[in-house]
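Residue numbers (the UniProt record's numbering), protein chains in the order written: chain Z, 1 to 280; chain A, 1 to 280. Okay, so here's the structure we're looking at.
2 protein chains.
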Amino acid sequence: MNALVIDGRAVAAGVRARVAREVATLPTPPGLATVLIGDDPASAIYVRNKRRQCAEAGMRDLHRHLPGEITQEAAAAVVDELASDPQVTGILLQLPLPPHLDAAALIERIPPEKDVDGLTERSTGRLALGRPGLRPCTPEGVMVLLDEIGAVLEGAHTVVVGRSNLVGKPMAQLLLQRNATVTVCHSRTRDLAAVCRTADVLVVAAGVPRLIGEDAVKPGAIVLDVGIHRTENGLCGDVDTDTVREIAGVVTPVPGGVGPMTIAMLLQNTLTAARENPIT
Amino acid sequence: MNALVIDGRAVAAGVRARVAREVATLPTPPGLATVLIGDDPASAIYVRNKRRQCAEAGMRDLHRHLPGEITQEAAAAVVDELASDPQVTGILLQLPLPPHLDAAALIERIPPEKDVDGLTERSTGRLALGRPGLRPCTPEGVMVLLDEIGAVLEGAHTVVVGRSNLVGKPMAQLLLQRNATVTVCHSRTRDLAAVCRTADVLVVAAGVPRLIGEDAVKPGAIVLDVGIHRTENGLCGDVDTDTVREIAGVVTPVPGGVGPMTIAMLLQNTLTAARENPIT
Chain Z
1 MNALVIDGRA VAAGVRARVA REVATLPTPP GLATVLIGDD PASAIYVRNK RRQCAEAGMR
61 DLHRHLPGEI TQEAAAAVVD ELASDPQVTG ILLQLPLPPH LDAAALIERI PPEKDVDGLT
121 ERSTGRLALG RPGLRPCTPE GVMVLLDEIG AVLEGAHTVV VGRSNLVGKP MAQLLLQRNA
181 TVTVCHSRTR DLAAVCRTAD VLVVAAGVPR LIGEDAVKPG AIVLDVGIHR TENGLCGDVD
241 TDTVREIAGV VTPVPGGVGP MTIAMLLQNT LTAARENPIT
Chain A
1 MNALVIDGRA VAAGVRARVA REVATLPTPP GLATVLIGDD PASAIYVRNK RRQCAEAGMR
61 DLHRHLPGEI TQEAAAAVVD ELASDPQVTG ILLQLPLPPH LDAAALIERI PPEKDVDGLT
121 ERSTGRLALG RPGLRPCTPE GVMVLLDEIG AVLEGAHTVV VGRSNLVGKP MAQLLLQRNA
181 TVTVCHSRTR DLAAVCRTAD VLVVAAGVPR LIGEDAVKPG AIVLDVGIHR TENGLCGDVD
241 TDTVREIAGV VTPVPGGVGP MTIAMLLQNT LTAARENPIT
C-alpha cells in the first residue's frame, strides 16, 4: 500500500484564506500582540512568520520586542498592559524565554480570552473540562487535518505518543472530546510499538527523530507526525515516513505536514478571540 | 486465583487519623466551608458525613445551608464571602445544585487555593499542566489505594473507563503523572472488554452497574471500582466483583473500597489548602 500524503501546506493555506475572508467582515480587525524577549534566532524567525501571516490575514500586528535582560516585573508589566489594552485581542508570548524569567508566571497574566496559544491554566482547564475556550495551536491543527481527510474519530482507537503540555496532553483531550478512545504513550511506555500498532489514528509528538517505524503502525492507520528535526540528511520527523508510508493509510510529510498548521491555527484562534471579545 | 480485596475503610481511616494528627500540630485548625443549597436528601447525607469527619479530624466546620430557591447572585455572594474570609481555608460546593443555578459559574468563584474539590478551571489546568494544586478527591483516593498496595505504575498499562470531569479525566492525568501509559475508554469505545484486558491497572468509573465482567480483566490485574449503585440485591459497583475476583490480582469491594476514600481525601485536601495558605 502507498499511503495518502496529506499536504499540510495546502490545508494551512485554506485555513489562512478563510480566516482572512472572515477578518474582512469584522468592523475592526483583530490585533495580535506577539511578545519576543531577547534575540534567540529561531524564536525571531518564528515570530517574524507569525507576524507576517497575521498581517496577510488582515489583522493588526501589535508586536513587542523586549530586551533579553528585562526583569520579571518589567515583562509582567508589559503583559498586563497588553491584557488591558482593548486593541489587543490576542497575546502570544514566544517561548522559550531567557532562563532568568518565570515563563509560567508570565503566561498566567494573559487573560484566557486573549490566550491565543491556549497555554494558561484556565485555558487548559477549559479544554480538560470540555468547556469553550482557546486551544493550543498544534493539536488543533492536527484535528483540522483529521477532519480534512474525513477521519472517523468516534469509537476509533487513537494513540498519542508524547505528553507535553504543548502538544501531547491537549491532543489527547481534543481526541477524547471527539469520542475517540485515547491512549497516551511516552518515554516510559513498555513496548511502544505494540501499543502504537493498536492505533487507527496515531499522533506522534515525542521529539525523537524517526522514533516510529513500520513495526509500530497498523496497516491502513492514519499517522500524523508532529516532530521536526534537522539532520545531516535534511529535515525529518518523529516518524520514519519512508517505511511507514508503505503500511499506513495516511501520513503527514515533514516538512509540509503538521508544521504549517500551527500558525494557521494561531490566526484562527486570534480571529476566534476577537469575535468572542470584539474591540468596542 | 482469588484476588486480594482492598479494605478501603481501613485505608481511609488511616488517612483520617494521619490528617487529624497533622491538624493537631497546626497553630490554627483549617476551616472547611461546606455549602449545601436546597434539601436534596442524598446531598444532605453526604454533607453531614463530610462535616462530621471534618470535625473529627479537628477542623472547624464552617457549614452554610442555603435555601433551594436562592438566586444565582445571592449564592455567588455567599461564595465570594467565603472566598475572602481568612478563617475559611477550604470551600466545597455540594453538587448537584438546583437546576436554576449555574453550578460551573459558582465553582469558578472559589479561589484555587480553597478549591478542596479540585473542580475549578484553574485547579483542572494545574493538574493537566503537572503543576502543584488541589486535585479531585475520588481519583486522588484511588491513587492512595494503589500506593497502599505498592502498585508499580511506571510503565504499567492503565485503563480508565469513564471520562467524567469528576473522576475519569483527572484519574487519567494522575496516572500519567506517575509515568503510566494511560488509555481512556467510554461509552463509544469499540470492544471495551478487549481494551480493558490490556490493563495492568483498570479503574472503572463508568456509572453502569456491573459493566466490567471477567472477560474484561487480564489475569492478575489490579481493578479499582469507583461505581456504586443501589439494586434490588443490595449495593454493587461498575465491576462484577464476584466473577472478576477469580481472575484479577487485586479488587476493591463495593461498598468499602474506593467510596470511603473520597471524604478522607477531602480532609487531606483541606489540610493541604490550610498549610499552603495558613490562617494569619
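Glycine included, each C-beta is placed from N, C-alpha and C at the ideal position.
Beta carbon proximity, Thr189/Z to chain A, threshold 8 Å: yes
Whole-Å CB distance - Leu127/Z paired with Gln87/Z, under 8 Å assumed: Not a contact, Cβ separation roughly 27 Å.
Helix, strand or coil at Ala33/A [DSSP, three-state]: strand
Whole-angstrom distance between Glu113/A and Ala273/A, CA atom to CA atom: 6 Å
Range covered by the beta strand (DSSP E) that runs through Gly90/A: Gly90 to Leu93
Completely contained beta strand (DSSP E) runs for the stretch 67 to 124 of chain Z, where each covers 3 or more residues: 90 to 93
Continuous alpha helix (DSSP H) assignments of at least 4 residues falling wholly in the stretch 119 to 170 of chain Z: 121 to 128 and 137 to 148
Coarse secondary structure for Asp240/Z, derived from DSSP in three states: coil
Per-residue DSSP class, three states only, for Leu26/A: coil
Cβ neighbour criterion (16 or more within 10 Å) applied to Gln72/A: exposed
Contact with chain B by Arg64/A, beta-carbon distance below 8 Å: The chain labelled as chain B is not found among the protein chains of the depicted structure, namely Z and A.
Contact with chain Z by Lys169/A, beta-carbon distance below 8 Å: yes
Cβ contact check for the stretch 64 to 82 of chain A and the stretch 25 to 41 of chain A: 3 or more pairs under 8 Å: yes
Distance between beta carbons of Thr158/A and Val142/A, contact taken as under 8 Å: At roughly 10 Å, the Cβ-Cβ gap does not stay under 8 Å, so Val142/A and Thr158/A are not in contact.
Listed by chain order, chain A residues near Gly118/Z by CB distance under 7 Å: Simply none; closest approach about 10 Å.
Secondary structure of Asp215/A, DSSP reduced to three states: helix
Option in Asp200/A, Leu176/A, Ala206/A and Gln173/A with minimal Cα separation from Thr189/A: Ala206/A
Neighbourhood of Gly162/Z by C-beta distance below 6 Å, restricted to the same chain and skipping five residues each side: Gly168, Ala205 and Ala206
Distance CB(Ile228/A)-CB(Gly259/A) smaller than 8 Å: yes
Enclosing alpha helix (DSSP H) for Val254/A [first to last residue]: Looking at the DSSP string, Val254/A is not in any alpha helix (DSSP H), and its letter there is neither H nor E.
Contact list for the stretch 126 to 151 of chain A against chain Z, Cβ threshold 9 Å: Arg126, Leu127, Ala128, Leu129, Gly130, Arg131 and Gly133
Reference Asp191/A, options Ala216/A, Leu174/A, Leu202/A and Arg178/A, closest by Cα: Ala216/A
Rounded separation between Arg210/Z and Glu276/A - CA only: 44 Å
Beta-ladder partner(s) of Thr183/A, from DSSP: Thr183/Z and Val159/A
Limits of the beta strand (DSSP E) - the one that Arg48/Z falls within: Looking at the DSSP string, Arg48/Z is not in any beta strand (DSSP E); the run it does join, the alpha helix (DSSP H), is Pro41 to Glu56.
CA nearest to the CA of Asp147/Z, picked from Leu174/Z, Val184/Z and Leu82/Z: Leu174/Z
Span of the alpha helix (DSSP H) around Val195/A: Leu192 to Cys196
Among Ala83/Z, Leu271/Z and Leu266/Z, the one whose alpha carbon lies nearest that of Asn49/Z: Leu266/Z
Euclidean distance between Cα positions of Ala172/Z and Ser164/Z: 11 Å
Run of the beta strand (DSSP E) containing Asp225/A, from where it starts to where it stops: Ile222 to Asp225
Contact check, Gly256/Z vs Arg64/Z, beta carbons under 8 Å: no
Residues near Pro29/A in its chain [Cβ-Cβ closer than 7 Å; skip 5 each side]: Val23, Gly58, Met59 and Arg60
Short CB-CB distance (under 8 Å) between Glu56/A and chain Z: no
CB contact check: Val217/A to chain Z, cutoff 8 Å: no
Distance, Ala76/A Cα to Arg109/A Cα: 7 Å
Gly155/Z versus Glu81/A - alpha carbon distance: 45 Å
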